[in-house]
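K.L.:
Please read through the structure below; I'll follow up with questions.
Residue numbers (this note's numbering): 1360 to 1518.
Now the structure itself:
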(Lines of atoms letter the chains of each structure in order from A and count residues from 1; the text may use other names and numbers.)
(Lines give C-alpha, C1' and ligand atoms only; values in the text may rest on other atoms or scores of the structure.)
Protein backbone atom coordinates (compact mmCIF):
# COMPACT_ATOMS: atom_id res chain seq x y z
CA UNK A 1 0.00 0.00 0.00
CA UNK A 2 2.75 2.45 0.99
CA UNK A 3 4.78 1.55 -2.09
CA UNK A 4 1.76 1.98 -4.37
CA UNK A 5 1.00 5.42 -2.92
CA UNK A 6 4.65 6.47 -3.26
CA UNK A 7 4.77 5.19 -6.82
CA UNK A 8 1.58 7.08 -7.73
CA UNK A 9 2.78 10.28 -6.09
CA UNK A 10 6.46 10.33 -7.06
CA UNK A 11 6.92 8.28 -10.24
CA UNK A 12 7.22 10.01 -13.56
CA UNK A 13 6.89 9.32 -17.24
CA UNK A 14 8.82 12.50 -17.99
CA UNK A 15 12.48 12.58 -18.82
CA UNK A 16 14.72 15.62 -18.73
CA UNK A 17 12.17 17.72 -20.60
CA UNK A 18 10.09 17.93 -17.43
CA UNK A 19 12.96 19.89 -15.86
CA UNK A 20 12.81 22.35 -18.75
CA UNK A 21 9.12 22.90 -17.99
CA UNK A 22 9.30 22.82 -14.19
CA UNK A 23 12.04 25.34 -13.50
CA UNK A 24 10.94 28.41 -15.48
CA UNK A 25 7.23 27.90 -14.79
CA UNK A 26 7.98 27.28 -11.12
CA UNK A 27 10.02 30.49 -10.92
CA UNK A 28 7.27 32.47 -12.65
CA UNK A 29 4.59 31.08 -10.33
CA UNK A 30 6.72 31.66 -7.22
CA UNK A 31 7.37 35.28 -8.26
CA UNK A 32 3.66 35.92 -8.83
CA UNK A 33 2.88 34.33 -5.48
CA UNK A 34 5.50 36.52 -3.80
CA UNK A 35 3.76 39.57 -5.25
CA UNK A 36 0.48 38.48 -3.69
CA UNK A 37 1.85 37.29 -0.34
CA UNK A 38 4.72 39.65 0.40
CA UNK A 39 4.37 42.61 -1.96
CA UNK A 40 7.67 41.71 -3.62
CA UNK A 41 8.46 42.55 -7.26
CA UNK A 42 5.95 45.39 -7.37
CA UNK A 43 3.07 43.39 -5.93
CA UNK A 44 0.41 44.60 -3.53
CA UNK A 45 0.83 42.05 -0.77
CA UNK A 46 -2.00 40.21 0.93
CA UNK A 47 -3.96 43.30 1.89
CA UNK A 48 -3.93 44.94 -1.53
CA UNK A 49 -4.44 41.71 -3.43
CA UNK A 50 -7.25 40.75 -1.07
CA UNK A 51 -9.00 44.08 -1.64
CA UNK A 52 -8.73 43.67 -5.40
CA UNK A 53 -9.99 40.07 -5.32
CA UNK A 54 -12.96 41.16 -3.19
CA UNK A 55 -13.69 43.95 -5.69
CA UNK A 56 -14.07 41.39 -8.50
CA UNK A 57 -16.31 39.16 -6.38
CA UNK A 58 -13.83 36.64 -4.99
CA UNK A 59 -14.80 36.79 -1.31
CA UNK A 60 -13.40 36.82 1.27
CA UNK A 61 -10.67 38.67 -0.56
CA UNK A 62 -7.92 38.25 2.03
CA UNK A 63 -8.43 34.48 2.19
CA UNK A 64 -8.55 34.21 -1.60
CA UNK A 65 -5.30 36.20 -1.82
CA UNK A 66 -3.72 33.91 0.75
CA UNK A 67 -4.86 30.79 -1.14
CA UNK A 68 -3.84 32.06 -4.58
CA UNK A 69 -0.55 33.50 -3.36
CA UNK A 70 0.26 30.37 -1.36
CA UNK A 71 -0.56 28.09 -4.28
CA UNK A 72 1.62 30.11 -6.62
CA UNK A 73 4.54 30.74 -4.26
CA UNK A 74 4.84 27.36 -2.56
CA UNK A 75 3.63 25.44 -5.61
CA UNK A 76 6.16 27.26 -7.75
CA UNK A 77 9.02 26.49 -5.36
CA UNK A 78 7.93 22.83 -5.27
CA UNK A 79 7.96 22.70 -9.07
CA UNK A 80 11.45 24.18 -9.24
CA UNK A 81 12.70 21.48 -6.86
CA UNK A 82 10.62 18.71 -8.35
CA UNK A 83 9.20 18.07 -4.89
CA UNK A 84 5.63 16.76 -4.64
CA UNK A 85 5.34 17.79 -8.25
CA UNK A 86 1.96 16.27 -9.01
CA UNK A 87 0.10 17.91 -6.11
CA UNK A 88 1.92 21.22 -6.65
CA UNK A 89 1.13 21.15 -10.36
CA UNK A 90 -2.54 20.30 -9.75
CA UNK A 91 -2.97 23.15 -7.27
CA UNK A 92 -1.20 25.52 -9.66
CA UNK A 93 -3.35 24.37 -12.60
CA UNK A 94 -6.51 24.94 -10.56
CA UNK A 95 -5.26 28.42 -9.59
CA UNK A 96 -4.71 29.24 -13.27
CA UNK A 97 -8.24 28.06 -14.13
CA UNK A 98 -9.64 30.39 -11.49
CA UNK A 99 -7.53 33.24 -12.90
CA UNK A 100 -8.75 32.50 -16.43
CA UNK A 101 -12.44 32.40 -15.57
CA UNK A 102 -12.56 34.97 -12.76
CA UNK A 103 -10.27 37.61 -14.24
CA UNK A 104 -9.28 37.18 -17.88
CA UNK A 105 -11.96 35.36 -19.90
CA UNK A 106 -14.02 38.46 -20.62
CA UNK A 107 -11.00 40.18 -22.16
CA UNK A 108 -10.42 37.66 -24.93
CA UNK A 109 -7.33 35.62 -25.63
CA UNK A 110 -4.54 38.15 -25.93
CA UNK A 111 -2.44 39.47 -23.06
CA UNK A 112 -2.37 42.91 -24.62
CA UNK A 113 -6.05 43.18 -23.59
CA UNK A 114 -5.49 41.46 -20.21
CA UNK A 115 -6.70 38.26 -21.83
CA UNK A 116 -6.20 34.67 -20.76
CA UNK A 117 -3.38 33.48 -23.06
CA UNK A 118 -0.65 33.59 -20.40
CA UNK A 119 -2.75 31.91 -17.71
CA UNK A 120 -3.77 29.31 -20.29
CA UNK A 121 -0.12 28.58 -21.11
CA UNK A 122 0.69 28.19 -17.41
CA UNK A 123 -2.38 25.97 -17.01
CA UNK A 124 -1.25 23.74 -19.89
CA UNK A 125 2.27 23.33 -18.50
CA UNK A 126 1.13 22.64 -14.95
CA UNK A 127 -1.48 20.16 -16.14
CA UNK A 128 1.17 18.37 -18.22
CA UNK A 129 3.43 18.17 -15.16
CA UNK A 130 0.56 16.81 -13.08
CA UNK A 131 0.08 14.06 -15.66
CA UNK A 132 3.72 13.14 -16.30
CA UNK A 133 5.36 13.97 -12.99
CA UNK A 134 8.65 15.68 -12.26
CA UNK A 135 10.92 13.80 -14.64
CA UNK A 136 14.36 12.31 -14.05
CA UNK A 137 16.13 15.20 -12.32
CA UNK A 138 13.87 15.89 -9.33
CA UNK A 139 13.55 15.35 -5.62
CA UNK A 140 10.46 13.23 -6.30
CA UNK A 141 12.72 10.61 -7.88
CA UNK A 142 14.92 10.56 -4.77
CA UNK A 143 11.86 10.18 -2.55
CA UNK A 144 10.48 7.38 -4.68
CA UNK A 145 13.75 5.48 -4.39
CA UNK A 146 13.76 5.96 -0.61
CA UNK A 147 10.14 4.89 -0.13
CA UNK A 148 10.39 1.99 -2.56
CA UNK A 149 13.74 0.64 -1.42
CA UNK A 150 16.60 -0.21 -3.73
CA UNK A 151 16.45 -3.33 -5.81
CA UNK A 152 12.74 -4.09 -5.53
CA UNK A 153 12.12 -3.78 -9.24
CA UNK A 154 9.98 -0.63 -9.06
CA UNK A 155 10.31 1.50 -12.10
CA UNK A 156 11.03 5.11 -11.12
CA UNK A 157 10.59 6.78 -14.49
CA UNK A 158 10.23 6.11 -18.18
CA UNK A 159 13.31 4.55 -19.72
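Don't be surprised by glycine CBs; every beta carbon is placed ideally from N, CA and C. None of these values were measured; they are calculated from a predicted model.
Count the C-beta pairs between the region 1464-1478 and the region 1422-1436 that are closer than 8 angstroms, then say yes if the count reaches three, no if not.
P.N.:
No, the region 1464-1478 does not touch the region 1422-1436.
K.L.:
Assign residue 1371 to one of three DSSP states: helix, strand, or coil.
P.N.:
For the purposes of this step, residue 1371 is taken as the residue at position 12 of the chain shown. Note: residue 1371 maps to strand in three-state DSSP.
K.L.:
Comparing C-alpha positions only, which one of 1489, 1412, 1405 and 1380 sits nearest to residue 1461?
P.N.:
Walking along the chain shown from the start, residue 1461 turns up at place 102. Here the closest residue by C-alpha is 1412.
K.L.:
Near residue 1464, what residues of its chain come up, given a Cβ to Cβ distance below 6 angstroms and the 5 sequence neighbours on each side ignored?
P.N.:
The residue given as residue 1464 occupies position 105 in the chain shown. The residues are 1475.
K.L.:
Report yes or no: do the region 1484-1499 and the region 1443-1457 share at least 3 C-beta pairs separated by less than 8 angstroms?
P.N.:
Result yes; three or more Cβ-Cβ pairs closer than 8 angstroms.
K.L.:
I need the straight-line Cα distance from residue 1502 to residue 1372, nearest angstrom please.
P.N.:
Counted from its first residue, the chain shown places residue 1502 at position 143. Counted from its first residue, the chain shown places residue 1372 at position 13. Cα-Cα distance, rounded: 16 angstroms.
K.L.:
Taking contact to mean at least 3 C-beta pairs separated by less than 8 angstroms, is the region 1477-1484 in contact with the region 1383-1395?
P.N.:
Output reads yes: the region 1383-1395 touches the region 1477-1484.
K.L.:
Does the Cβ of residue 1439 have 16 or more other Cβ atoms within 10 Å, making it buried, or fewer, making it exposed?
P.N.:
In the chain shown, the residue the question calls residue 1439 occupies position 80. Buried, since its Cβ has 16 or more Cβ neighbours within 10 Å.
K.L.:
What first and last residue would you give for the alpha helix (DSSP H) that runs through residue 1449?
P.N.:
Locating residue 1449 in the chain shown gives position 90, where the first residue counts as 1. 1444-1458 is the span of the alpha helix (DSSP H), which, as asked, contains residue 1449.
K.L.:
Using the beta-carbon count (16 or more within 10 Å), is residue 1410 buried or exposed?
P.N.:
Within the chain shown, numbered from 1, the residue matching residue 1410 stands at position 51. It is exposed - the Cβ of residue 1410 has fewer than 16 other Cβ atoms within 10 Å.
K.L.:
Identify, in the order they occur along the chain, each residue of the same chain with its Cβ nearer than 7 angstroms to the Cβ of residue 1434, setting aside the five sequence neighbours on each side.
P.N.:
Numbered from its first residue, the chain shown carries residue 1434 at position 75. Once the five neighbours on either side are set aside, the close Cβ partners of residue 1434 are 1388, 1447, 1450 and 1451.
K.L.:
Starting from residue 1387 and walking both ways along the alpha helix (DSSP H), at which residues does that stretch end?
P.N.:
Walking along the chain shown from the start, residue 1387 turns up at place 28. Counting along the chain, the alpha helix (DSSP H) containing residue 1387 begins and ends at 1376-1397.
K.L.:
Using three-state DSSP, classify residue 1473 as helix, strand or coil.
P.N.:
Numbered from 1 along the chain shown, position 114 holds the residue referred to as residue 1473. Residue 1473: coil per DSSP, three-state reduction.
K.L.:
Which class does residue 1461 belong to by DSSP, given the choice of helix, strand or coil?
P.N.:
As a first step, residue 1461 is located in the chain shown; it is residue number 102 there, counting from the start. In the structure shown, residue 1461 sits in a helix (DSSP, three-state: H, G or I).
K.L.:
Which residue's Cα is closest to the Cα of residue 1392: 1444, 1505 and 1426?
P.N.:
Residue mapping note: residue 1392 aligns to position 33 of the chain shown, counting from 1. Nearest option by C-alpha distance: 1426.
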